[in-house]
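>
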Amino acid sequence: MSQESRNEYTMEITPQPAAPASLRQRSALRDHLIRNQSMKRVLITGGAGFLGSHLCERFLSEGYAVICMDNLITGSLDNIEHLFGREDFLFMNQDVTEFIHVPGRLDAILHFASPASPIDYLELPIQTLKVGSLGTHKALGLAKAKNARFLLASTSECYGDPLVHPQPESYWGNVNPVGPRGVYDEAKRFAEAMTMAYHRFHDVQTRIIRIFNTYGPRMRLNDGRALPAFMGQAMRGEPITVFGDGSQTRSFCYVDDLVEGIWRLLNSDEPEPTNIGNPAEMTILDFAKKVVELTGSASEIIFKDLPMDDPKVRQPDITKAKSILGWGPTVDLDTGLRRTLDYFRGKVADERDQPAAKAASAVPKG
Ligand code: UDP
1009 MSQESRNEYT
1019 MEITPQPAAP
1029 ASLRQRSALR
1039 DHLIRNQSMK
1049 RVLITGGAGF
1059 LGSHLCERFL
1069 SEGYAVICMD
1079 NLITGSLDNI
1089 EHLFGREDFL
1099 FMNQDVTEFI
1109 HVPGRLDAIL
1119 HFASPASPID
1129 YLELPIQTLK
1139 VGSLGTHKAL
1149 GLAKAKNARF
1159 LLASTSECYG
1169 DPLVHPQPES
1179 YWGNVNPVGP
1189 RGVYDEAKRF
1199 AEAMTMAYHR
1209 FHDVQTRIIR
1219 IFNTYGPRMR
1229 LNDGRALPAF
1239 MGQAMRGEPI
1249 TVFGDGSQTR
1259 SFCYVDDLVE
1269 GIWRLLNSDE
1279 PEPTNIGNPA
1289 EMTILDFAKK
1299 VVELTGSASE
1309 IIFKDLPMDD
1319 PKVRQPDITK
1329 AKSILGWGPT
1339 VDLDTGLRRT
1349 LDYFRGKVAD
1359 ERDQPAAKAA
1369 SAVPKG
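The numbering of the sequence shown is the working numbering, which starts it at 1009 and goes up by one.
1) Cα separation between Phe1092 and Leu1160?
2) Let me make sure I understand the geometry here. Which of Lys1328, Gln1362, Thr1338, Pro1337 has the alpha-carbon closest to that of Glu1177?
3) Under 7 angstroms from any heavy atom of ligand 1, does the C-beta of Ser1125 make it?
4) Quick check on Thr1018: buried or exposed, where buried means 16 or more other Cβ atoms within 10 Å of its Cβ?
5) With respect to the beta strand (DSSP E) encompassing Leu1051, which residues constitute its N-terminal and C-terminal limits?
6) Note down the Cα distance separating Thr1291 from Glu1308, rounded to an integer number of angstroms.
7) Where in the stretch 1128-1210 do unbroken runs of the beta strand (DSSP E), each at least 3 residues long, occur, reported from the N-terminal end onward?
8) Candidates Leu1148, Phe1352, Met1047: which alpha carbon is nearest Arg1113's?
9) Could you have a look at Met1227 and say whether DSSP puts it in helix, strand or coil?
10) Could you check whether Phe1352 and Met1204 sit closer than 8 angstroms to each other, using their CB atoms as the reference points?
11) Mind checking Ala1237: buried by the 16 CB within 10 Å criterion, or exposed?
12) Cβ-heavy atom distance between Gln1256 and ligand 1 below 7 angstroms?
13) On a Cα-Cα basis, can you pick out the residue from Glu1194, Leu1150, Arg1208 that is closest to Tyr1167?
14) When you compare the stretch 1179-1192 with the stretch 1245-1256, are there three or more beta-carbon pairs, one atom per stretch, that lie closer than 8 angstroms?
15) Whose C-beta lies closer than 7 angstroms to the C-beta of Gly1083 among residues of the same chain, with five residues either side of it excluded?
16) By DSSP, does Thr1105 sit in helix, in strand, or in coil?
17) Hey, does Gly1304 have any beta-carbon neighbour from chain B nearer than 8 angstroms?
18) Among His1109, Glu1165, Thr1214, Arg1244, which one has its Cα closest to the Cα of Ala1116?
19) Suppose you measure from the CA of Ile1326 to the CA of Ile1270; what does that come to, to the nearest Å?
20) Quick check on the DSSP output: the alpha helix (DSSP H) that includes Lys1297 runs from which residue to which?
21) According to DSSP, is Lys1320 part of a helix, a strand, or is it coil?
22) For Ser1069, name the three-state secondary structure that DSSP assigns.
23) State whether the stretch 1128-1140 contacts the stretch 1064-1076, with contact taken as three or more CB pairs (one from each stretch) at a distance under 8 angstroms.
24) Taking only three categories from DSSP, how would you classify Glu1308?
25) Might you give, ordered along the chain, the residues of its own chain that have their beta carbon closer than 6 angstroms to the beta carbon of Arg1032, omitting 5 neighbours on each side?
26) Of the residues Gly1285, Asn1221, Arg1157, Arg1244, which one's Cα is nearest the Cα of Pro1279?
27) For Leu1148, which option in Arg1233, Leu1085, Asn1182, Ala1201 has the closest C-alpha, if you only look at C-alpha atoms?
28) In its own chain, which residues sit with a C-beta less than 6 angstroms from the C-beta of Gln1011, not counting the 5 before and 5 after it?
29) Using a Cβ-Cβ cut-off of 7 angstroms (strictly less than) and excluding sequence neighbours within five positions of Gly1344, which residues of its own chain qualify?
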């Protein structure tokens, strides 16, 4: 889709008085969405990101009108371009840390805006802190004004480098507030505190999901996380970069399972934080070997320095999600990795066709 045709369905926050045809068309679409008060309406912040775009699809398929808000710092229109032009979908290019105005009814707000990979929040530390704090405050204020249900995308990073394993929701964590990851971890911890305050003090219907490592199509190939890094390296025949000795563990959840957990949590009446993740734990070295095997790559595995404060273990205790939501993961690692590999194959081919794209996508915009 061309930039121009995308723009026709992109809502301007402050349209100019003498609007050209494309703006008038946009405005007509917006008016249609605002007038149509019979449909349930959800606002998804960070809706053009990896998880946000999957949520847009899920809520559309559940019959919601979806307002997708993103400032495209780490999100991408590529993730949502197939939704442009639908009458039940609207894109707002806006920074959620500024005052948010959304006309008309809102039934739910899912606050997913944030840089979310370690290299993103190292490059965007202030934006990461602002979106977790100011952005959460703005989104909660909107939920209160609209009497909308609010769901916060929190994270297993709230547990830091955990001293309890696996991690139940009752564990308060082991976070270094002034380390390089602190900007993300502490912003999310603050966001949880703010969410509980709006629940307790303003009676807002709130939900908090603690998301563990999730993977799937629409991750950015060069976002620095282990899975896209390993898949990209394996497909390009580059060395696979395992940090440290690779004995640190993670537990990877396929995106469709996560989205199902989010849907169930939103529709539950549980205000306290709830872990959603796949408890299938493995070492990062084994994970790297798995990617090499799956891709049939000849890449060798090399070892690099472990980043500061990199958690040594991570595995969700999902007892609570099982009992209150009846939720558990259903997609095994091999299936999920194969689906993700299909997506990344296309991205690596694009890089070959347009070498400049590789360099550009390595650095988040902002
Ligand atoms: N990692 C790695 N090589 C890479 C990228 C990441 O060994 O090229 C490691 C990283 O140090 C961490 C694990 O893989 O121990 C998962 O990292 P990721 O950035 O995916 O997410 P995290 O769980 O640390 O937020």
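Backbone N, C-alpha and C define an ideal beta-carbon position, used for all residues, glycine too.
Answer, in terms of the structure:
1) 25 angstroms
2) Lys1328
3) yes
4) A caution first: Thr1018 carries a pLDDT of 43, below 50, which makes its placement in the model unreliable, though a value can still be read off. Thr1018 should be labelled buried.
5) 1049-1053
6) 17 angstroms
7) 1157-1163
8) Met1047
9) coil
10) no
11) buried
12) yes
13) Glu1194
14) no
15) Gly1054, Ala1056, Gly1057, Gly1060
16) coil
17) Given the protein chain composition of this structure (a single chain), no chain B is represented.
18) Thr1214
19) 13 angstroms
20) 1292-1303
21) coil
22) helix
23) no
24) coil
25) In this prediction, Arg1032 scores a pLDDT of 49, lower than 50, which makes its location untrustworthy; no coordinate-derived value is stated.
26) Arg1157
27) Ala1201
28) Reliability of the predicted coordinates at Gln1011 is poor, the pLDDT of 44 falling under 50, and the value obtained from them is presented with this limitation in mind. Cβ within range, chain order: n/a, list empty.
29) Tyr1223, Gly1224, Tyr1262
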